Structure formats: structure tokens, C-alpha cells
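So the sequence shown is residues -16 to -1, 1 to 282, counted in mature numbering (1 follows the signal peptide of the UniProt record, and there is no 0).
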Amino acid sequence: MRRALTPLLTCTALLAAGCGGGDPVAADRPRPPVKAPAADPALRAMLPEAVRQAGTLDVGTTLPNVPYLLTDSANTITGGITPDVGRAVAAKLGLKYSIRNVAWEALLPGVAGGRYMVADDGISDTAERQKVGIFIDYTQSSSVLVTAKANGGAKSQDAACGNGIATIRGTTDVDTAKKISADCAAKGRPPVRVTQYPTAQDADLALRSGREKFEINVAETAEYAIRKGSPIAIVARGYMPAYVGMYVGLKQTELAKALLGALTALKKDGTLDTILGGYGSKPITPGINLATAKGGAA
């Protein structure tokens, strides 16, 4: 699964494509925020001294990415899974919360190199990524194959055979598209043309313009977009089931344990379920590196 999806799937970006119904910006305004939980001194004591001294949970993320990140017309983050969960975690740890937009290809290396404290962006937990960082997983997801409704007629992944699939460079949707292509070849059908685009916006534009007939997307993102009136259709489901969570540097074991403690407390008191459920995402019992701890399947 890739990290997220994009404005093609929101009414804001689809005005020209005939997305119906009201104010597109209002459609992506967040729900009223969940009340900030009280700080837990025992959890705060688990933090590294440097983090306690800094007083802020510094999070890097990559826009756009509904429903993990909702933005207004000025591209200011207004809500979403990432900031709502992040603020609750920070409050539980007695910290302030700061979030900044980082280019996707720089996000995980930036955490590994210490430029950002935490990455949280709907990031799939994989064994490869665990080589340079630690996941604190709190939800799960999978990928879907989507097409524009205007294409019509696509009822299964076989429709992608001989056509193009848009993917994002450096993400797990590339592997998904290659697997679909291999399935086509095994059935004696033409292979898929897999194109890797540098950004989510580029991949979405390729689908919207008709340059590509299909795209690999995140299930909850596509479903959220469809609820908002996006003219796309899900063709096939269940690719690359994955755990998703916060990501810290490999040496940040104390920070990882503190984040896990906060997420576990938020799960226990219902806050985590309330936040995730509000965006149609699935809460899980939080854990460290669940992709390998539980065999890699969500």
C-alpha cells in the first residue's frame, strides 16, 4: 500500500470533472475535534529527555492525503487522522503538537536521519522500512484498483490487462501494479503498463486526463473520496494488506515505547476508536512493528 491518496479523489480537485454537491472545501472540513486527553505523568516520564525538554512532538507528513490529512483552499491542514491522533498522543504525553509538510521522498529518510522526530502519513509498515526505523502501528489498510467512472465497464482487475496503471514512485503500489501485470501474463493476457509518477498529484492527473485508465489507491482514501462524490469506481480490493502507524528512527526506542504507551491508553479509553471511526478507518490494538511481529498481514 502506498502512503496515501490525493486531490483527484476530493471534490476540491474535481470541480472541472463535474464533482457534484455543494461547497467542495466545506465537504472536507473536519469533524469537531475530540477533547484533548489529560497528560499522563507516567507516560511522559518514558520520553527521552531531549523530547521532554523540547516540549513538542514534531511530526513530518506529506500533503495531500485524505482522509489522513484534510486541508482548506490554502492547503492548510484542518484535520484528518494524522493530526487528530497526533494531537491526542501529544496531549497524553504532556507535549505540544507540531506538523509540517515534507516531500514524500524525503520523509522517511528525514526521520532516519534525525531531521524530523516522527513521520505519520498513512505509512505502511514493511520489513524493508523497519531496517531503518520503528513503526508504532495503530490502524490497518489495504490497496484498491480504481478507475474513472467515465471509463465504464471495468468489473475486475482483468480489465487492467493491456492498459496503464498509475503508481507513485517509491511506494508499495508499484509492487501491487506489477503483481496485477504478472496475473495478466499468467492468464495469457497483455501485461499492464506500470508507470511510476513522482507525486500523488501527478498520478491522479494521469487518471483524470485519461493518460492512464487505472490507479492503485488506498482503500479508505478511495472510499472517503467516493462518499464525497468523486467520479471514480473501485474495480478490485484487498491488495497489500498492511499495518499503518507512526514511524521513528531506529535508535529512538524510548520514544517508540512512549508513543505506544500513549496510543494504548487512547485505545483503552475509546479516543482512538472515536477518531479513526469518524474517518472510516479501522482501529487496532497498537503495537510495535506489527508487520513482522504478526507475519506481515493486517
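Every residue gets a Cβ at the ideal spot worked out from N, C-alpha and C, and that includes glycine.
Keep in mind it's a predicted model, so treat the numbers as computed, not measured.
In whole angstroms, what separates the C-alpha of residue i from that of residue j?
i    : j    : result
M224 : T160 : 7 Å
A190 : E196 : 5 Å
D253 : V158 : 38 Å
V43  : R71  : 10 Å
A249 : S57  : 35 Å
I83  : K115 : 24 Å
G6   : R211 : Only weak support exists for where G6 lies, its pLDDT of 34 falling under 50; the value from the coordinates is given anyway. Looking at the two C-alpha atoms, the distance is approximately 13 Å.
I272 : R36  : 21 Å
L92  : T155 : 12 Å
K241 : K251 : 15 Å
G229 : A170 : 35 Å
E168 : V73  : The identity of residue 168 in the sequence shown is Cys, whereas the question assumes Glu. Cα-Cα distance, rounded: 44 Å.
G95  : R173 : The sequence given here has Val at residue 95, not Gly. Computed Cα separation, rounded: 42 Å.
A138 : K163 : 18 Å
I107 : Y231 : 8 Å
Q185 : A134 : 19 Å
P21  : A90  : 32 Å
G213 : G262 : 18 Å
G97  : I216 : 38 Å
Short check: CB of residue i to CB of residue j, under 8 Å?
i    : j    : result
V128 : N49  : no
P267 : T123 : yes
L244 : P270 : yes
L54  : A246 : no
Y181 : A206 : no
I65  : L274 : no
E204 : S125 : yes
V176 : S165 : yes
L41  : V102 : yes
F119 : D105 : no
L256 : V130 : no
Rank the options by C-alpha distance to the C-alpha of residue i and give the top, closest one.
i    : options                : result
S265 : A226, K252, L243       : A226
N136 : V219, I259, I149       : Per the sequence shown, the amino acid found at residue 136 is Gly instead of Asn. That would be V219, whose Cα lies nearest to the Cα of G136.
K76  : N147, V18, L47         : V18
A38  : Q185, T179, Y81        : Y81
T45  : L31, G172, V176, R99   : R99
E112 : G78, L234, A143        : L234
A87  : K162, T179, R153, G194 : R153
E33  : N59, L79, N85, V69     : L79
Y208 : L31, T179, Y52         : Y52
L31  : D109, G97, Q236, A22   : Q236
A144 : V178, G117, I120       : V178
So what does DSSP say about residue i, is it helix, strand or coil?
i    : result
G222 : strand
N49  : strand
L129 : strand
G261 : helix
Q37  : helix
N273 : coil
R211 : helix
Q180 : strand
P267 : strand
R13  : Low confidence applies here, because R13 scores a pLDDT of 45, under 50, leaving its location unreliable; read the following figure in that light. Looking at R13 - three-state DSSP - the assignment turns out to be coil, as it is neither helix nor strand.
V158 : helix
Tell me residue i's beta-bridge partners as DSSP assigns them.
i    : result
G229 : I107, D121
G64  : Paired residues: none, contrary to the question.
G44  : R84, A103
I164 : Paired residue(s): none; I164 is not in a bridge.
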